[in-house]
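Colleague: First the structure, then my questions, so here it is.
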Amino acid sequence: MVGVFRRSLSFQLGSAAARQPNPRISRHLRSISLPCRSHPLISSLNDKIANLKSWPSTDHRNAAWLCSGLNAVKLVHDYLDDILQLPQSRESICRFSTWVENVLEDFLRFIDAYGIFQSLVLAFREEHVAARVAMRRKNEMKLDMYKKARKRMGKETTKLGSVVRVVTVTEVPEEELAVAIMDVMEVTGMVSVAMFEGIGTSLGWRRNRWMKKGKKVANGILEFMEVSNNGDNEVKVRMEKMKDLEEWIGSIENVTEKLLRTLMNTRVSILNALSH
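Under this note's numbering, the first residue of the sequence shown carries the number 27, and numbering increases by one thereafter.
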């Protein structure tokens with residue numbers, strides 16, 4: 027299955043379209059790899075990462091956009107996991123084991139955050155379903171409980187955004203595998219922050235309050251913002267929006283659960299490569 031894959035793994039950093047010939051300034055220091063031919067798996071991974079980096083540049087931040095970003099992150103981790111299974115990768119990763127220990131800590135940060143999010147989104151979905159019933163029955167007490175649950179969900183997910191925003195700043199070893207791992211970590215953080223802070227911002231959003239201050243929630247997720255908006259007085263309209271959000275909450279719960287398992291698998295693969 028695998029073609030020629032040199033021991034050093036010091037290959038060219040992807041296609042010209044994906045990278046500039048000169049090292050760019052980033053959140054971590056970048057080394058220049060040796061001019062060897064890149065393995066097809068790493069080239070494919072670099073292409074997926076380059077595509078994912080353009081994901082945030084949209085004016086239509088809705089639940090479908092969010093799920094597409096999460097699925098794309100899962101895909102790059104699948105590619106990385108395949109690369110880590112190669113014997114040459116295991117030999118290479120042992121040469122920068124100290125750096126890898128820091129990466130493993132960052133993986134734990136993501137895993138913990140997504141584990142907490144799974145618990146939060148499950149509880150919120152139950153509150154949301156109960157609120158739809160309460161709206162039909164005009165049960166104001168239950169609706170007040172839902173507002174509190176919504177506020178709590180917004181606060182806790184915003185905290186998770188702060189957790190995953192923290193990235194260990196370290197010099198990347200002069201190995202393409204190390205650069206690939208760091209790139210995967212960067213896009214994982216990018217999408218994770220967009221989700222956690224986007225949902226958190228949206229659930230704390232109020233149209234009147236923001237409009238009076240002349241502000242705009244640019245990073246909010248449309249469907250979450252719509253149920254947080256009290257401007258729709260027509261019950262039928264609000265019910266439809268809540269039903270729509272309920273379906274998207276299920277989709278987000280499903281895709282984040284898959285991503286969580288993938289994050290765990292990738293971390294295990296790194297550990298196995300390190301102890302090989």
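No residue lacks a Cβ here, since even glycine has one placed at the ideal position from N, Cα and C. Nothing here was measured: the structure is a model prediction, and the numbers come from that model.
Would you say VAL102 and VAL213 are within 8 Å of each other, going by their C-beta atoms?
Modeller: Along the sequence shown, one-based indexing puts residue 102 at 76. Along the sequence shown, one-based indexing puts residue 213 at 187. Cβ distance < 8 Å, so VAL102 and VAL213 count as in contact.
Colleague: By DSSP, does LEU229 sit in helix, in strand, or in coil?
Modeller: Here residue 229 refers to the residue found at position 203 of the sequence shown. Of the three classes helix, strand and coil, the one that applies to LEU229 here is helix, per DSSP.
Colleague: Write down the C-beta distance between THR292 and ASP107 rounded to the nearest angstrom, noting that I regard them as a contact closer than 8 Å.
Modeller: Counting from 1 along the sequence shown, the entry for residue 292 is found at position 266. Counting from 1 along the sequence shown, the entry for residue 107 is found at position 81. Contact holds; Cβ gap of about 5 Å.
Colleague: Should GLU167 be labelled buried (16 or more other beta-carbon atoms within 10 Å of its own) or exposed?
Modeller: Taking the first residue of the sequence shown as 1, we reach residue 167 at position 141. In the sequence as displayed, the identity of residue 167 is Met instead of Glu. When all chains shown are included, MET167 counts as exposed.
Colleague: Under 8 Å, with one C-beta from each stretch per pair, do the segment 107-126 and the segment 264-280 reach the 3-pair mark?
Modeller: No: the two stretches stay apart, fewer than three of their Cβ pairs being nearer than 8 Å.
Colleague: Using a threshold of 8 Å, state whether the C-beta atoms of PHE222 and VAL190 are closer than that.
Modeller: The count along the sequence shown starts at 1 and reaches residue 222 at position 196. The count along the sequence shown starts at 1 and reaches residue 190 at position 164. Yes; because the gap between Cβ atoms is below 8 Å, this pair is in contact.
Colleague: Give the range of the alpha helix (DSSP H) segment to which GLU273 is assigned.
Modeller: Position 247 of the sequence shown, counted from the first residue, corresponds to residue 273. Segment 261-301, the alpha helix (DSSP H) holding GLU273.
Colleague: Is it buried or exposed for THR84, if we count other Cβ within 10 angstroms and need 16 for buried?
Modeller: What you label residue 84 is simply residue 58 of the sequence shown in a count that begins at 1. Under this definition THR84 is an exposed residue.
Colleague: Would you kindly work out how many angstroms separate the C-alpha atoms of GLU71 and LEU146, rounded to a whole number?
Modeller: Start at 1 with the first residue of the sequence shown, and residue 71 comes out as number 45. Start at 1 with the first residue of the sequence shown, and residue 146 comes out as number 120. Residue 71 is actually Leu in this sequence, not Glu. Across the structure, LEU71 and LEU146 are spaced so that their CA atoms are roughly 31 Å apart.
Colleague: Grouping DSSP H, G and I as helix and E and B as strand, with all else coil, what is HIS154?
Modeller: Counting from 1 along the sequence shown, the entry for residue 154 is found at position 128. Helix, per DSSP.
Colleague: Looking only at its chain, what residues have a beta carbon closer than 8 Å to the beta carbon of GLY141, apart from the 5 residues adjacent to it on each side?
Modeller: Within the sequence shown, residue 141 is the residue found at index 115, counting from 1. The residues are LEU286.
Colleague: For MET268, which option in LEU112, TRP91, ARG162 and PRO66 has the closest C-alpha, if you only look at C-alpha atoms?
Modeller: The residue given as residue 268 occupies position 242 in the sequence shown. Measuring C-alpha to C-alpha distances from MET268 to each of LEU112, TRP91, ARG162 and PRO66 identifies ARG162 as the nearest.
Colleague: Enumerate, from N- to C-terminal direction, the unbroken alpha helix (DSSP H) stretches of 4 or more residues contained entirely within the segment 67-111.
Modeller: 89-110
Colleague: In whole angstroms, what separates the C-alpha of GLY13 from that of LEU110?
Modeller: This structure gives no information on residue 13, because the portion of the chain shown stretches from 27 to 302.
Colleague: Nearest to ASN280 by CA position, among GLN144, THR124, LYS74 and ARG135, is which residue?
Modeller: On the sequence shown, position 254 is the one that residue 280 refers to. Of the candidates GLN144, THR124, LYS74 and ARG135, the one whose C-alpha sits nearest the C-alpha of ASN280 is GLN144.
Colleague: Quick one: Cα of SER69 to Cα of ASP270, how far?
Modeller: If you number the sequence shown from 1, residue 69 lands on position 43. If you number the sequence shown from 1, residue 270 lands on position 244. Approximately 39 Å between the Cα atoms of the pair.
Colleague: Hey, quick one: how far does the alpha helix (DSSP H) through GLU201 stretch, first residue to last?
Modeller: Numbered from 1 along the sequence shown, position 175 holds the residue referred to as residue 201. Neither: GLU201 is in no alpha helix (DSSP H) and is coded neither H nor E.
Colleague: Measure the alpha-carbon distance for MET211 versus GLU182 and round it to whole angstroms.
Modeller: Working through the sequence shown from its first residue, we reach residue 211 at position 185. Working through the sequence shown from its first residue, we reach residue 182 at position 156. Roughly 22 Å separates the two Cα atoms.
Colleague: Among LEU203, LYS173, LYS177 and GLU153, which one has its Cα closest to the Cα of PRO66?
Modeller: Locating residue 66 in the sequence shown gives position 40, where the first residue counts as 1. Nearest of LEU203, LYS173, LYS177 and GLU153 to PRO66, Cα basis: LEU203.
Colleague: Could you spell out where the alpha helix (DSSP H) holding GLY180 opens and where it closes?
Modeller: Translated into positions along the sequence shown, residue 180 becomes position 154. GLY180 -> alpha helix (DSSP H) spans 166-191.
Colleague: Under 8 Å Cβ to Cβ from LYS177, same chain only, skipping five residues before and after it: list those, please.
Modeller: Start at 1 with the first residue of the sequence shown, and residue 177 comes out as number 151. Hits under 8 Å: LEU229 and GLY230.
Colleague: Among the candidates VAL99, ARG87 and ALA76, whose CA atom is the shortest distance from the CA of LYS284?
Modeller: Along the sequence shown, read from residue 1 onward, the residue named residue 284 stands at position 258. It is VAL99.
Colleague: Given that a residue counts as buried once 16 or more other Cβ atoms are within 10 Å of its Cβ, and exposed if not, what is ASP209?
Modeller: The residue given as residue 209 occupies position 183 in the sequence shown. Buried: at least 16 other Cβ atoms inside 10 Å.
Colleague: If you run the structure through DSSP and keep just helix, strand and coil, what is ILE142?
Modeller: Start at 1 with the first residue of the sequence shown, and residue 142 comes out as number 116. The three-state secondary structure of ILE142, taken from DSSP, is helix.
Colleague: Have a look at ASN97 and VAL192 and give me their C-alpha separation to the nearest angstrom.
Modeller: For the purposes of this step, residue 97 is identified with residue 71 of the sequence shown, where counting begins at 1. For the purposes of this step, residue 192 is identified with residue 166 of the sequence shown, where counting begins at 1. Between the alpha carbons of ASN97 and VAL192 lies a gap of roughly 22 Å.
Colleague: Quick one: what's got a C-beta closer than 8 Å to LYS74's C-beta in the same chain, skipping five residues either side?
Modeller: The sequence position of residue 74 within the sequence shown is 48, counting from 1. Closer than 8 Å at Cβ, skipping near neighbours: ALA98, LEU101, VAL102 and TYR105.
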